[in-house]
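Participant: Dumping the structure here so I can ask a few things about it.
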Amino acid sequence: MNVGENVKKIKFLIVIALIFVLAACGSGIPNALNYEVSDFTYVDQNGEDFSLKDLEGKVWIADMIFTQCETVCPPMTAHMAKLQSMVKEEGLDVEFVSFSVDPEVDTPEMLKEYAEGYSDDLSNWHLLTGYSIDEITVFAKDSFKALVAKPEGQDQVLHVIKFYLVDQNGTVLKEYDGVSDTPYDEIIKDINTIL
């Protein structure tokens, strides 16, 4: 074997090693969760079908709320609205998705009225319903590793209080506190990292 062939082999091995290193870097988000969001087609606040396919190629922030919530949902929704406004000011193309955890109560009309109390622009904010409590319980567990439970005979739902950063491939990369000390700047920095 001559020197030229050795150099070619070494270059080839370096290229392969670089591919593996770059693949390992993935999203650029340290300690990414890497949960895959399950496929879904639900109904938004306008009564229109909205699915995971509508989010393909887009970065999005997800949370779980319900309109009759007496505790954590009002601050979560206020924080989501503030984040939506900040993202808009930054000129970032991001979608926002709120899954109702009380879908048998939350109609599209109720969700729309609820959201309009927090934001005057719902063009990139989709509040979803149109499924059973059992479906959202399984979806939340499978997609976000999150608890949703509606105790028998009660009108309040137990649910996760996180915001989730989801990438263009439907992969959940990171979670943030949605109720108190919501890290807006960190979320925007992370969005910029994956855009």
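Using my numbering, the first residue of the sequence shown is number 412, and each one after it goes up by one.
The beta carbon of each residue, even a glycine, is placed where N, CA and C say it ideally should be.
Because the structure is a prediction, the values reported are computed rather than measured.
Within its chain, find whatever has a CB closer than 6 Å to the CB of T452; leave out the 5 residues flanking it on each side and keep chain order.
Facilitator: Translated into the one-based positions of the sequence shown, residue 452 becomes position 41. These residues qualify, in order along the chain: D460, S462.
Participant: Tell me where the alpha helix (DSSP H) around A489 begins and ends.
Facilitator: Translated into positions along the sequence shown, residue 489 becomes position 78. Here the alpha helix (DSSP H) through A489 covers 484–501.
Participant: In chain order, what residues of the same chain have a beta carbon less than 7 Å from the beta carbon of Q579, not counting five sequence neighbours either side?
Facilitator: On the sequence shown, position 168 is the one that residue 579 refers to. Here the set comprises G468, K469, V470.
Participant: Give the secondary structure of D545 by DSSP, where H, G and I count as helix, E and B as strand, and everything else as coil.
Facilitator: Position 134 of the sequence shown, counting from 1, holds the residue named residue 545. Here D545 sits in helix by DSSP.
Participant: Within the continuous alpha helix (DSSP H) that includes A526, where are the two ends?
Facilitator: Residue numbering aside, residue 526 sits at position 115 when the sequence shown is read from its first letter. Element bounds for A526: 519–527.
Participant: Going by other Cβ atoms of all chains shown within 10 Å of its Cβ, with 16 needed for buried, is G458 buried or exposed?
Facilitator: Translated into positions along the sequence shown, residue 458 becomes position 47. Classification for G458: exposed.
Participant: Rounded to the nearest angstrom, how far is the Cβ of K561 from that of D517, given a contact under 8 Å?
Facilitator: Counting from 1 along the sequence shown, the entry for residue 561 is found at position 150. Counting from 1 along the sequence shown, the entry for residue 517 is found at position 106. Between D517 and K561 the Cβ distance is about 12 Å, and since that is not below 8 Å, they are no contact.
Participant: On the criterion of 16 or more Cβ atoms from any shown chain inside 10 Å, does D601 qualify as buried, or is it exposed?
Facilitator: Within the sequence shown, numbered from 1, the residue matching residue 601 stands at position 190. Buried, since its Cβ has 16 or more Cβ neighbours within 10 Å.
Participant: Could you compute how far the alpha carbon of I598 sits from the alpha carbon of V568?
Facilitator: Stepping through the sequence shown from its first residue, residue 598 is reached at position 187. Stepping through the sequence shown from its first residue, residue 568 is reached at position 157. Their Cα atoms are separated by approximately 26 Å.
Participant: Looking only at its own chain, which residues have a Cβ that is under 6 Å from the Cβ of L433, when we skip the five neighbours before and after it?
Facilitator: Counting from one through the sequence shown, the residue named residue 433 turns up at place 22. Its pLDDT being 39, under 50, L433 is placed unreliably in this model, and the value from its coordinates should be taken loosely. Closer than 6 Å at the Cβ level, and outside the excluded window around L433, lies no residue.
Participant: Pick out whichever of F507, S449, S511, N442 has its Cα sitting closest to the Cα of H570.
Facilitator: If you number the sequence shown from 1, residue 570 lands on position 159. It is S511 whose Cα lies nearest to the Cα of H570.
Participant: Could you say if the region 550–564 and the region 442–452 meet the contact criterion of at least three C-beta pairs nearer than 8 Å?
Facilitator: Yes, the region 550–564 touches the region 442–452.
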